[in-house]
Structure formats: structure tokens, C-alpha cells
Amino acid sequence: MSRRIAAIKADVKSHSTKEGWVLPRQSGSFADPGEWTNIDMDVTPLERRTWSSWTLFGYWFSDALNAQSWMAPASIIAIGLTWREAVVCIIFGSLVCTVPLVLNGMVGARLHIPYPVAIRPAFGWYFSRFAVVVRAITALFWHAIQTYTGSTAMTQIIRAIWPSYLNIPNHIPESVGITTQGMVSHLIFWSVQFPILLIPPHKLKWFFVAKCVLVITTSVATVITMTTKAGGAGDIWNLPYGVHGTARSWLILSSLSSITGGWATMATNIPDFTRYLKTDKGVYFQVAFLPGIQLMLGFFGIICCSASKVVYGKYIWDPLEIAAQWDGPAGRAGAFFVGLSWVVAQIGTNLSANVISCANDICCLFPKYVNIKRGVILSTITAAWIMQPWKIIHSAQSLLAFMAGLGIFLAPIAALLSADFWVVHSHKYDVPGLYRKNGRYRYNKYGTNWRAVIAFLVSVCPTLPGMAASVNPSLKDKIGDADKLYYMFYFWGYTSAFVVYAALSHFFPAEETKIPATIYDDGDVISGEGEKADSDTPDEKKGYEVNASPV
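Written out as C-alpha cells, the structure is:
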């Protein structure tokens with residue numbers, strides 16, 4: 001015991017200075033001697049490539065099984081469309097998103113590099129940090145929202161055990177935007193979530209499986225319970241259209257883009273997760289994974305909502321609000337398991353979509369001091385407490401609209417990553433050069449690829465008026481039909497950026513970045529020529545398998 005106490009004291013003392021927080025630099029790193037990096041930014045070592053195709057399947061279940069996916073049809077039906085359009089939008093919106101998911105996922109699966117490193121060839125050494133910051137801000141925002149949503153599920157768990165919990169006196173001013181009971185639920189949920197977030201990504205397989213089993217079981221049980229109580233599936237299937245003509249067409253297109261844009265963050269930084277795959281085969285399975293999961297959960301939501309009108313006299317889309325109606329010993333037991341499953345669901349979504357991604361981004365910006373673990377700690381404290389998500393949800397609708405509109409920036413970022421890897425460089429990268437400030441991907445003294453800048457602006461600028469109108473509705477009359485392009489921001493943003501960047505790179509190529517085959521290691525370079533000596537024998541000591549699939 002005395003030795004342990006002494007070790008703790010020594011550790012605390014070592015971290016009392018700035019130098020004590022410096023992370024060890026990896027001896028096998030590709031970075032220049034003067035540039036810092038750490039193991040979480042470097043090429044994923046062989047021992048950390050533990051994911052199989054089934055792990056990726058579990059990952060998508062973990063990401064897509066959340067309260068937002070359950071309620072996705074609600075936003076579509078609420079604007080005047082029917083359940084049929086909702087199903088079509090979910091299927092095709094998800095399918096469209098699988099295009100960048102597969103294209104960008106291959107970058108991580110084949111080269112085993114994280115998103116902040118993967119975007120350097122397209123953006124340049126310094127401009128790539130802009131893309132990293134945009135993704136980090138988006139991740140922080142959604143981590144805050146998902147954490148607060150998880151606290152409402154925690155309320156159902158506690159209420160099921162102690163019904164009087166809902167009657168806790170409030171001692172927090174109304175201006176704060178949260179009650180005492182809500183703050184307690186938020187604190188408990190965050191405390192449960194925190195240690196799980198600290199688990200390294202390559203060790204998360206068990207959690208993905210556990211979430212799949214628990215959430216699917218509870219979802220099916222909720223559907224059975226509600227249809228039994230209602231004596232059927234209700235009448236939502238017979239609701240008529242609320243809009244007609246061209247207005248209906250624009251709403252369908254807008255809903256399609258919204259479903260696709262909902263996965264814009266993952267389509268951008270999917271290399272952060274596919275880097276842990278043993279082989280790249282699982283990347284293709286995403287085409288079936290995402291639409292199938294989304295459709296299943298969407299149907300569950302539609303059925304339960306329809307049945308709730310029969311049982312409770314109103315349409316209830318939120319599964320937690322449905323569980324809140326259940327009283328008595330059996331009802332509270334059911335509410336407990338519903339709350340538990342959605343607590344696990346929200347933690348899983350935070351893990352797979354927000355926290356790890358943001359941690360990778362912070363790790364890229366401050367590699368000398370921040371690894372993924374420290375990045376997770378910084379991210380979750382900032383999102384859950386400093387950003388005060390209860391205020392974001394209850395009093396800042398314009399901020400919500402702005403953050404939802406960040407998809408207009410993420411779409412071209414995802415497109416540039418796709419176009420650069422598959423079209424411009426024909427999936428041939430100089431991996432060591434990705435880690436060097438003055439390497440072939442610097443482009444100029446500003447570390448910026450001007451082709452990417454132009455493509456980005458062409459993609460983003462036309463949609464800015466529509467985004468402004470969504471934040472400030474009073475502007476809608478002033479911009480006329482300019483908001484129509486914003487209705488399909490992801491389709492426009494991804495396609496336009498992809499085409500413009502590929503065209504500029506074709507007519508004005510950066511020859512210094514072109515190589516005949518992938519360079520995996522410094523040993524692959526022929527002295528003085530910068531060519532790869534043998535594309536089929538990547539150096540094992542840098543973390544590449546000799547029998548790796550060709551790139």
C-alpha cells in the first residue's frame with residue numbers, strides 16, 4: 001500500500017508542470033524529428049487491428065440504434081408527408097450516405113490512418129486543420145445533445161424504482177433551463193457514461209454486441225406491448241397527405257437530404273473507425289448495414305406511435321415518453337428496461353459517432369499533450385458541462401438550426417477526401433509523407449491545396465442563404481428561392497465538391513504528389529527518386545501486414 005501511495009504522489013508531482021503532460025513520442029513514428037505525434041495519430045499497429053466485419057456490423061448497430069433514429073419518421077410525417085414517404089426517405093437517404101461511407105471508409109481500412117491524417121493530401125498540411133476543427137465542433141455539439149437525451153432515459157430508470165423521484169423539489173432558477181431532478185439525472189447518466197467512454201476503440205467489440213442485443217430486444221418488446229394494448233397497429237397508415245404538388249416534391253427532397261445529412265459526420269470521419277479493421281472487406285457491407293438498421297428502427301417507431309394514439313389518445317413518437325405512461329409494478333418494470341436500453345443506446349451513439357471522433361481531432365491539433373484518452377476526457381467535460389446542453393435544447397432554436405446546418409461544410413469535406421483518394425491519386429498515397437509538415441502534401445508555403453479551397457467554396461457558398469434563413473426565419477422572404485438548394489444541401493455539397501475538385505486536379509495537377517504505387521514506409525522509397533520499390537511488400541515494422549490487401 002505504501003508503494004502504491006508513493007507511486008500516486010510521484011505521478012501527481014510529475015504532472016504539476018507542463019513538461020509532465022508531454023506524451024512519449026513513438027520510436028517508429030513517420031513524423032519529422034521536430035514534429036510531435038503519438039500512438040493514436042500514427043498508423044494503427046497490428047495488435048490494435050482487432051475489428052472484423054461483424055464488429056463493424058455491431059458498430060453500426062451501436063451508432064444507428066438511438067432515440068433519434070426511432071423518431072426519424074416523425075419529422076417527415078409531421079411536415080405533411082405519409083409513412084410511405086418516410087420509409088422511402090429513410091431507405092434512399094441512408095443508401096446515398098453509404099457512398100461516402102464506403103469510399104472514405106476504405107482510406108482507413110487500407111492505410112490504417114485516422115481521419116485528421118487522411119484528409120491532408122486533399123487539403124494540405126495546414127488547411128486540413130480547418131476540416132478537423134469543423135468536425136470537432138460538430139462532434140462536441142452532438143455529444144452534448146446525446147448526453148442530455150441520455151439523462152431523460154436515466155430519469156425513467158430511477159422513476160421506475162422510486163416513483164417519488166419525479167416529485168423532487170426544484171431549487172434551481174428557471175433561467176438556468178434545468179430542474180434539480182433533471183440535473184441529478186444528467187449527473188448520474190454522465191457518471192455512468194464516463195468510464196465507458198475511456199475504453200480504447202479497439203476494445204469496444206463487446207459493448208457493441210451488448211447494445212445490439214439489449215436495444216433490439218427492448219424495441220421488439222415495446223412494439224409487442226403497444227400493439228397488444230391497442231389491439232392492432234393503429235390508424236397512422238391511413239393518414240392522408242398534408243401537402244400536394246411541387247411543395248410535396250420539395251419536402252420529399254428535403255427529407256431525403258436530412259436523412260443523408262444526419263450521417264454527414266460519420267461519412268466524413270469514418271476512417272477513425274475503419275482503421276481498426278483486419279481487412280477492408282467489411283467496408284462494403286455498410287451498404288446493407290445502415291439502411292437496414294435505419295428502416296427497422298423507423299418501422300418500430302411508426303408502429304408504436306400509431307398504437308399510442310389508440311391507447312393514450314395522442315401520437316407519441318418518443319419511446320421514453322411512451323414508457324413514462326406505464327404505471328403499476330409491471331408497467332414500471334417495463335419502463336425500467338426501456339430506460340436502461342436507451343441509456344446504453346445513447347452511450348453507444350456517443351462512443352461511435354461523437355466522443356472518439358472529437359478525441360481524434362483534438363489529438364491531431366495537440367499531439368504533444370493529447371492522446372485519445374485525454375481527448376475523450378476533454379470532450380465529455382466540455383460537451384456535458386461547459387456547453388450546458390439543457391440550455392441549447394430549451395432556449396436556443398437558432399443555435400440548433402445552425403449546428404444542424406453544419407452539414408453544408410461536412411459534405412464537401414467528405415467529397416474531397418473521396419475524390420482525392422479514388423480519383424486524383426488513384427488510392428496511392430505516400431504514408432510517411434502524410435506525417436511530414438514539409439512533405440509532398442504541403443503544396444506551398446501556406447500548406448494549402450488551392451484546388452480544395454475552390455471546390456469547397458463552390459460547394460458551400462450557394463447554400464449559405466438557405467442556412468441563414470433556417471437560423472433566422474425572417475430572412476426567408478428576402479432570399480426568394482435560394483433556400484431550395486439548401487433543401488438538398490448534402491446532394492449538392494458532396495457532388496459539386498467532388499466534381500470540381502477532380503476537374504481542377506485533372507487540368508492543374510499537383511505532380512509532386514503523384515506516385516506510381518503506395519509508399520508504406522521509408523524503406524519503400526528508392527533513394528533520390530521518391531518511387532515505391534515494391535508495392536506488395538509493405539514493411540511490417542511500421543504496422544503493415546506483409547499479406548495486406550493491395551492498395
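The UniProt record's numbering numbers the first residue of the sequence shown as 1 and each following residue consecutively. Just so it is clear, CB atoms sit at the ideal spot from N, CA and C, and this is done for glycine as well. As the structure is a prediction and not an experimental result, all values here were calculated from the model.
In the three-state DSSP reduction, residue 119 falls in the coil class, being neither helix nor strand. Per DSSP, reduced to three states, the secondary structure at residue 430 is strand. Residue 485 and residue 266 have their C-alpha atoms some 22 Å from each other. In this structure, DSSP gives residue 81 a state outside helix and strand, which the three-state scheme calls coil. Of the candidates 499, 347 and 342, 342 places its Cα closest to the Cα of residue 215.
Nearest to residue 92 by alpha-carbon distance, out of 473, 410, 256 and 278, is 256. The three-state secondary structure of residue 519, taken from DSSP, is strand.
Residue range 286-312 is occupied by the alpha helix (DSSP H) that includes residue 296. Between the C-alpha atoms of residue 417 and residue 245 there is a straight-line separation of about 38 Å. Between residue 143 and residue 358, the beta carbon gap of about 7 Å places them in contact (Cβ cut-off 8 Å).
In the DSSP assignment, residue 269 falls within the alpha helix (DSSP H) that extends over 264-269. Boundaries of the alpha helix (DSSP H) harbouring residue 478: 476-479, taken from the DSSP string. In the three-state reduction of the DSSP assignment, residue 46 falls in the helix class. Collapsing the DSSP output to three states places residue 277 in a strand.
For residue 51, the pairing in a beta bridge is given by DSSP as 277. With a cutoff of 9 Å on beta-carbon distance, residue 208 and residue 147 are scored as not near each other.
Non-local beta-carbon contacts of residue 317 in its own chain, meaning distances under 6 Å to residues more than five positions away in sequence, involve 71, 74 and 305 in chain order. By the C-beta density criterion, residue 63 is buried, having at least 16 other C-beta atoms within 10 angstroms. In the three-state reduction of the DSSP assignment, residue 213 falls in the helix class. Between the beta-carbon of residue 151 and that of residue 298 there is about 24 Å, and that puts the pair past the 8 Å contact cut. With a threshold of 16 other beta carbon atoms within 10 Å, residue 161 falls short and is exposed.
For residue 325, there is no enclosing alpha helix (DSSP H), as DSSP gives it neither H nor E. Secondary structure of residue 23 (DSSP, three-state): coil. Listed in chain order, the non-local C-beta contacts of residue 493 below 6 Å within the same chain comprise 408, 411, 412 and 459, local neighbours out to five positions each way being set aside. Collapsing the DSSP output to three states places residue 514 in coil.
Under the DSSP assignment, residue 465 falls in the alpha helix (DSSP H) whose first and last residues are 464-471.
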